[in-house]
Amino acid sequence: MLLRRLKEYSERLADLPPMLYAESPVRYIIELEQSGRFLGMVDTADPSSPGTRRGQRRLVPQVQKTSGIRPLLLADKADYVLGHTAPQQTSERTGACHRAFVSLIDRCAETSEEPSVMAIQRFLSDDPLAILDAQEDFDPGGTITFRVEGVFPVDLPSVQSFWAAENPPSERVMQCVVCGQEKPVLERLQAKIKGVPGGQTSGTSIISANADAFTSYGLKASLISPTCGDCGERFTKAANWLLASEANSIRIGGIASIFWTREETGFDLLTFINDPQPAQVRDLIGSLRTGSRTPEIDDTPFYATSLSGSGGRAVVRDWLDTTVGQVQRNLAAWFQRQEVVTGLGEPHVPLGIKALAFATVREPRDLATPTPRALLRGAMSGTPLPWDLLFQAVRRNRAERRVTRPRAALIKLVLLSQLREHEEDYMVQLHADNHDPAYLCGRLMAVLENAQLAAMPGVNTTIVDRFYGTASTAPASVFSRLLKGVQPHLAKLQRDNRGAYIAIQTRIEEILSGLPGDRGFPRILSLQEQGMFALGYYHQRAQHSAQRREAAERRRQREAE
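Each step along the sequence shown adds one to the number in the numbering used here, with nothing skipped, and position 345 is 383.
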């Protein structure tokens with residue numbers, strides 16, 4: 039199904055590369071006259087630019103090479119084009135490579151009758167290796183092509199047609215899994231998918247088997263999923279186009295996700311998942327609440343897949359076949375579930391996939407592939423997020439001894455995607471009526487920290503720095519001690535800042551009264567309860583910040599009066 043949808047998408051692309059052509063860096067251009075006389079060799083590499091470090095990118099013939107000798111038409115490395123012996127090759131093999139290249143040029147010149155190809159034929163019949171005598175820092179691994187009086191023969195339609203005819207599918211006729219027709223099928227896909235994280239720089243194959251464990255019914259290589267030449271070219275080039283499109287792909291944590299619609303709708307998924315704007319998100323949620331529909335957009339098929347590389351093979355991590363309307367409804371619910379006030383108690387600002395994913399690790403390079411995959415699938419399909427994401431978030435809280443806004447949003451997102459029985463505005467900010475013991479313990483931790491900071495401004499190590507890990511997993515083992523330790527702080531506040539003392543003491547009593555009298559503090563918190571602890575701590579701290587901000591604003595207003 040994935041390959042069929044990619045082939046369908048290729049039919050919308052007007053600028054697909056010719057058959058068996060792909061974009062690749064070309065390091066050297068040999069300049070010739072129409073007579074075949076050598077004019078010079080241009081080095082196109084520009085070390086200052088990543089895109090041209092290995093040469094200017096051009097569409098050139100491409101096939102999947104093996105260990106055998108197989109020249110590429112008019113654009114290959116020095117051993118094929120010039121007969122220059124590479125350090126890792128023997129002179130015998132280099133000679134065979136060059137002869138095969140010259141023979142290919144001869145056939146192309148005879149078939150196409152192009153004067154520029156004949157010029158290259160005459161140049162190669164002399165001593166092409168002599169042109170390297172004047173070259174400094176020549177790279178034998180760089181691709182070489184030709185330009186004859188301003189024309190690149192490799193771009194000529196007759197040359198492109200010759201190359202396609204020179205590399206037909208195998209003689210084996212089978213039913214193509216994409217188009218369903220009985221046709222000659224490819225023993226190996228010739229085109230490769232470029233830009234898949236973890237894959238080879240030369241590209242990856244989406245259909246390939248090189249071991250008995252992967253073969254089926256005696257079929258090997260690409261025959262395990264027989265594909266005709268046209269379909270193989272089209273779905274590979276469509277995938278490459280989508281991977282190269284900034285509007286249709288996102289790369290994060292070892293995976294590349296691509297998405298597209300059957301027809302153009304104007305729906306910009308990338309903005310929602312990568313850089314969501316508050317106004318756009320409000321409109322999206324508003325459309326969900328009103329139930330408004332635009333059938334010509336909502337019913338349009340939507341497709342998405344996530345890819346990662348394993349050596350020379352592309353691994354399909356996920357596949358989604360739905361509609362634009364369903365994706366919009368899922369995204370609206372996704373953004374509602376992640377709503378949480380900022381650490382300063384200000385209104386929620388929607389978070390993108392990367393912010394949520396990177397909240398689970400110390401550094402972006404530590405991000406595991408399943409994390410962004412699960413987040414992307416949850417956002418687009420509405421499926422519950424795995425509990426492992428909650429585990430990663432609470433583990434990071436313990437390691438950093440703090441709860442960030444992205445982690446609070448992720449924790450809430452996981453909990454609500456799994457439970458799904460709460461109202462829309464549940465747990466956006468401090469929920470005073472929530473008597474969950476774990477949530478109350480988190481709130482109490484924040485209140486005790488606030489008492490310490492109020493009594494000892496500028497303290498280097500707070501109780502959260504010392505006890506967050508234990509308090510968030512085994513509250514009963516530490517909270518009695520913390521309550522005893524806060525008494526000197528409360529006594530100081532009672533003496534020096536009675537208003538703060540009354541507010542904090544009242545809050546402590548309120549929270550303690552909500553805990554079960556017969557059990558007190560829980561002995562052990564489950565993973566879900568650890569998430570609730572983190573939310574309680576985060577919400578209480580955010581309320582403290584909001585109250586301080588409001589008090590400062592009231593003071594400014596009084597002074598202004």
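For each residue, glycine too, the CB sits at the ideal point set by N, CA and C.
Keep in mind it's a predicted model, so treat the numbers as computed, not measured.
Own chain partners of residue i with C-beta closer than 8 Å, once the 5 adjacent residues on each side are dropped
i	result
Phe429	Leu565
Gln490	Val497, Thr500, Ile501, Val524 and His527
Arg533	none
Tyr118	Pro109, Leu110, Cys135, His136, Ala138 and Phe139
Thr361	Asp336, Asp337, Thr338, Pro339 and Phe340
Asp114	Phe139, Thr181 and Ile182
Leu423	Ala412, Leu413, Gly416, Leu451, Val452, Ser455 and Gln456
Run of the alpha helix (DSSP H) containing residue i, from where it starts to where it stops
i	result
Met418	Pro408 to Ser419
Val353	That residue, Val353, is in no alpha helix (DSSP H); its beta strand (DSSP E) goes Arg351 to Thr361.
Tyr477	Pro475 to Ala493
Ser295	Element bounds for Ser295: not the alpha helix (DSSP H) but the beta strand (DSSP E), Ile293 to Thr299.
Ser287	Not the alpha helix (DSSP H): Ser287 falls in the beta strand (DSSP E), residues Ser287 to Ile290.
Lys232	Unbroken run through Lys232: none, as it is neither H nor E.
Arg600	Because the chain is modelled from 39 through 599, residue 600 falls outside the range shown and cannot be assessed.
Pro526	Gln525 to Asp534
Ser455	Arg443 to Leu457
Ser163	Pro153 to Ser163
Leu468	Run containing Leu468: none; DSSP gives neither H nor E here.
Cys269	Gly267 to Ala282
Ser325	Pro316 to Thr328
Gly383	No alpha helix (DSSP H) holds Gly383; DSSP gives it neither H nor E.
Arg561	Run containing Arg561: none; DSSP gives neither H nor E here.
Ala393	Ile391 to Phe396
Phe310	Leu307 to Asn312
Pro333	Pro333 to Asp336
Asn435	Trp425 to Glu438
Extent of the continuous beta strand (DSSP E) run through residue i
i	result
Ser150	Counting along the chain, Ser150 falls outside any beta strand (DSSP E), though it belongs to the alpha helix (DSSP H) covering Ser129 to Ser150.
Ser6	Here the chain comprises residues numbered 39 to 599, so residue 6 is not present and cannot be evaluated.
Glu61	Tyr59 to Val64
Lys221	Glu220 to Pro222
Arg586	From DSSP, Arg586 is part of no beta strand (DSSP E) but of the alpha helix (DSSP H) over Leu565 to Ala598.
Neighbourhood of residue i by C-beta, 6 Å cutoff - its chain only, sequence neighbours within 5 removed
i	result
Gln228	Leu58, Val101 and Gln102
Gln568	Val432 and Ser510
Thr332	none
Thr123	Ser129 and Thr132
Rounded distance between the beta-carbons of residue j and residue i, thought under 8 Å
i	j	result
Pro339	Thr299	7 Å
Ala294	Leu345	5 Å
Ile68	Phe176	Not quite, the Cβ-Cβ distance comes to about 12 Å (not below 8 Å), so this is no contact.
Val623	Val466	The question about residue 623 has no answer, for the chain in this structure spans 39 to 599.
Asp337	Arg439	Asp337 to Arg439, Cβ: 49 Å. No contact.
Phe373	Ile323	6 Å
Arg579	Ala484	5 Å
Gly93	Thr181	7 Å
Phe273	Leu41	5 Å
Tyr477	Gly574	4 Å
Gln72	Val186	6 Å
Ala492	Leu531	6 Å
Val197	Cys146	6 Å
Met570	Asp426	At roughly 17 Å, the Cβ-Cβ gap does not stay under 8 Å, so Met570 and Asp426 are not in contact.
Leu468	His577	4 Å
Gly383	Arg587	7 Å
Arg226	Ala259	5 Å
CB contact below 8 Å: residue i versus chain D
i	result
Arg433	Chain labels in this structure do not include chain D; a single protein chain is all it has.
Spatial neighbours of residue i in its chain, beta-carbon cut-off 7 Å, leaving aside the 5 residues before and after
i	result
Thr488	Before going further, note that residue 488 is Asn rather than Thr in the sequence given. Excluding sequence neighbours, Asn488 sits near Ile542 and His582.
Asp404	none
Gly217	Rather than Gly, the amino acid found at residue 217 in this sequence is Cys. Once the five neighbours on either side are set aside, the close Cβ partners of Cys217 are Cys266 and Cys269.
Leu486	Ile501, Leu520 and Val524
Leu44	Phe273, Ala276 and Ala277
Pro191	Leu112, Glu152, Ser154, Val155, Ile158, Phe184 and Val197
Pro85	Arg91
Trp279	Leu51
Q: Please confirm if the stretch 347-361 is in contact with the stretch 441-449, defined as three or more CB-CB distances below 8 Å between the two stretches.
A: no
Q. Which residue spans inside the stretch 165-217 form an unbroken beta strand (DSSP E) run of at least 3?
A. Runs found: 182-186 and 211-213.
Q: Quick one: which unbroken beta strand (DSSP E) runs of 3-plus residues sit fully inside the stretch 69-96? Chain order, please.
A: 76-81
Q | Contact the stretch 401-412 vs the stretch 544-553: 3+ CB pairs below 8 Å | A | no
Q.
Tell me whether the stretch 215-225 and the stretch 47-54 touch, counting them as touching only if at least three CB pairs, one residue from each stretch, are closer than 8 Å.
A. no
Q.
Quick check: the stretch 109-116 against the stretch 237-248, are at least 3 beta-carbon pairs closer than 8 Å?
A. The stretch 109-116 and the stretch 237-248 do not touch, with fewer than three beta-carbon pairs separated by less than 8 Å.
Q) For the 8 Å Cβ check, are there 3 or more pairs between the stretch 259-271 and the stretch 326-334? A) no
(Q) Whether or not the stretch 150-159 and the stretch 128-139 are in contact is what I'm after, with contact meaning three or more pairs of Cβ atoms, one per stretch, closer than 8 Å; do they touch? (A) With the cut-off at 8 Å, the stretch 128-139 and the stretch 150-159 do not touch.
Q.
Taking 8 Å as the cut-off, does the stretch 138-145 touch the stretch 154-163 (at least 3 CB pairs, one atom from each stretch)?
A. yes
**Q.** Sufficient close CB pairs (3 or more, under 8 Å) joining the stretch 390-405 to the stretch 306-316
**A.** Output reads yes: the stretch 306-316 touches the stretch 390-405.
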